[in-house]
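Let me begin by presenting the structure, written as structure tokens, before commenting on it.
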Amino acid sequence: LAKTTQPISMDSYEGQEVNITCSHNNIATNDYITWYQQFPSQGPRFIIQGYKTKVTNEVASLFIPADRKSSTLSLPRVSLSDTAVYYCLVVLTSGTYKYIFGTGTRLKVLA
Amino acid sequence: DGGITQSPKYLFRKEGQNVTLSCEQNLNHDAMYWYRQDPGQGLRLIYYSQIVNDFQKGDIAEGYSVSREKKESFPLTVTSAQKNPTAFYLCASSRPGGETQYFGPGTRLLVL
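Protein chains in written order, with the working numbering: chain A, 209 to 319; chain B, 46 to 157.
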């Protein structure tokens, strides 16, 4: 059964690039990785999703290496408002679908 | 957010009481989900439904029940069998497969 591991917390300064890694073993070729942002007492908000190589949208990039044992969320030039908890979600698509959230990374952006 | 509503925002439960949390979506999504989040912790899946009149247990289904009579609605009942119900409950919906789930604002359940 796949497990997802994330660093518990990270600090960064405004304007820096932040990379948050999610380690996940035993995922298949078509299993998706999705990243969410959550502020206190709110529902998680979708950031980006992919299942291979690199995906980029207006707010982030997602890198998935060939071995698919990890994925990295990259936030360019963070601001104070990016202070939040970031979760990866792995969706296992073989047989019965399984939804596995990571334990979350608490990002604190400093001025 | 984004077409998913949860009510109430706060809910209080007395010992031995069943309570029902509401989740409605107008995104025309087939799949819906319930998660539990304890303070400082990640999300754990309680139940999910990929289609009307069908649902599956998640990782922590004991003490909870659900129904899916309508596509837009997926209520969660926290029964008296759930001995530690205090948590933040999140509902989500998605297209089939669930790779991209959209979450509601959550309901915080407290025990009196």
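Think of the CB as a built atom: it goes at the ideal place given N, C-alpha and C, for glycine as much as any other residue. It should be emphasised that the depicted structure is a prediction, and the values quoted were computed from it without experimental measurement.
Could you pull the start and end residues of the beta strand (DSSP E) that Val293(A) belongs to? Residue mapping note: residue 293(A) aligns to position 85 of the first sequence, counting from 1. From DSSP, the beta strand (DSSP E) with Val293(A) extends over Ala292 to Leu300.
Under a three-way DSSP split, which group does Leu288(A) fall into? Sequence index remark: in the first sequence, residue 288(A) carries index 80 (1-based). Helix, per DSSP.
Using a 10 Å radius around the Cβ and a threshold of 16 neighbouring Cβ atoms, would you call Ile96(B) buried or exposed? Locating residue 96(B) in the second sequence gives position 51, counting from the first residue. Exposed, because fewer than 16 other Cβ atoms sit within 10 Å of the Cβ of Ile96(B).
DSSP state of Leu66(B), grouped into three classes? To locate residue 66(B), count along the second sequence from 1; it is residue 21. DSSP places Leu66(B) in strand when its eight states are reduced to three.
For Val286(A) and Ser220(A), what's the separation of their Cα atoms in angstroms? Here the question's residue 286(A) lines up with position 78 in the first sequence. Here the question's residue 220(A) lines up with position 12 in the first sequence. Cα to Cα, the separation comes out at about 8 angstroms.
Which stretch, first to last residue, makes up the beta strand (DSSP E) that contains Thr264(A)? The residue labelled residue 264(A) in the question sits at position 56 within the first sequence. Thr264(A) -> beta strand (DSSP E) spans Thr261 to Thr264.
In whole angstroms, give me the CA-to-CA distance for Tyr109(B) and Gln101(B). Numbered from 1 along the second sequence, position 64 holds the residue referred to as residue 109(B). Numbered from 1 along the second sequence, position 56 holds the residue referred to as residue 101(B). Roughly 12 angstroms separates the two Cα atoms.
For Pro130(B), which residues in the same chain have their Cβ closer than 7 angstroms to its Cβ, ignoring the five residues on either side in sequence? Looking up residue 130(B) in the second sequence gives position 85. Cβ within range, chain order: Arg58, Val123, Leu154 and Val156.
Can you list, in chain order, the residues of its chain with a C-beta nearer than 6 angstroms to that of Phe133(B)? Leave out the 5 residues immediately preceding and following it. Here residue 133(B) is taken as the residue at index 88 of the second sequence, counted from 1. Closer than 6 angstroms at the Cβ level, and outside the excluded window around Phe133(B), lie Gln82, Gly151 and Arg153.
Less than 8 angstroms separating the beta-carbons of Ile91(B) and Gln70(B)? On the second sequence, residue 91(B) is found 46 positions in, with the first residue counted as 1. On the second sequence, residue 70(B) is found 25 positions in, with the first residue counted as 1. No; because the gap between Cβ atoms is not below 8 angstroms, this pair is not in contact.
Under 9 angstroms by beta carbon: chain A residues contacting Pro53(B): Within the second sequence, the letter at position 8 stands for residue 53(B). Residues of chain A passing the Cβ test: none, with the nearest at roughly 14 angstroms.
Of the residues that make up the stretch 145-156 of chain B, which ones have a beta carbon closer than 9 angstroms to any beta carbon in chain D? The structure shown contains no chain D; its protein chains are A and B.
Is the separation between the beta-carbon of Thr280(A) and that of Val317(A) shorter than 8 angstroms? The sequence position of residue 280(A) within the first sequence is 72, counting from 1. The sequence position of residue 317(A) within the first sequence is 109, counting from 1. No, these two residues do not count as a Cβ contact at 8 angstroms.
If contact means a Cβ-Cβ distance below 8 angstroms, which residues of the stretch 284-304 of chain A contact chain B? Within the stretch 284-304 of chain A, the residues whose Cβ lies closer than 8 angstroms to some Cβ of chain B are Tyr295, Leu297, Val299, Thr301 and Thr304, listed in chain order.
In or out: Asn94(B) buried (at least 16 other Cβ within 10 Å) or exposed? To locate residue 94(B), count along the second sequence from 1; it is residue 49. The question names Asn, but residue 94(B) is Ser in the sequence shown. With 16 or more other Cβ atoms within 10 Å, it is buried.
Could you tell me which chain A residues have their CB closer than 9 angstroms to the CB of Leu90(B), listed as they occur along the chain? Working through the second sequence from its first residue, we reach residue 90(B) at position 45. Going along chain A in sequence order, the residues near Leu90(B) (Cβ under 9 angstroms) are Lys306, Tyr307, Ile308 and Phe309.
In whole angstroms, what separates the C-alpha of Gln127(B) from that of Phe271(A)? The residue labelled residue 127(B) in the question sits at position 82 within the second sequence. The residue labelled residue 271(A) in the question sits at position 63 within the first sequence. About 40 angstroms.
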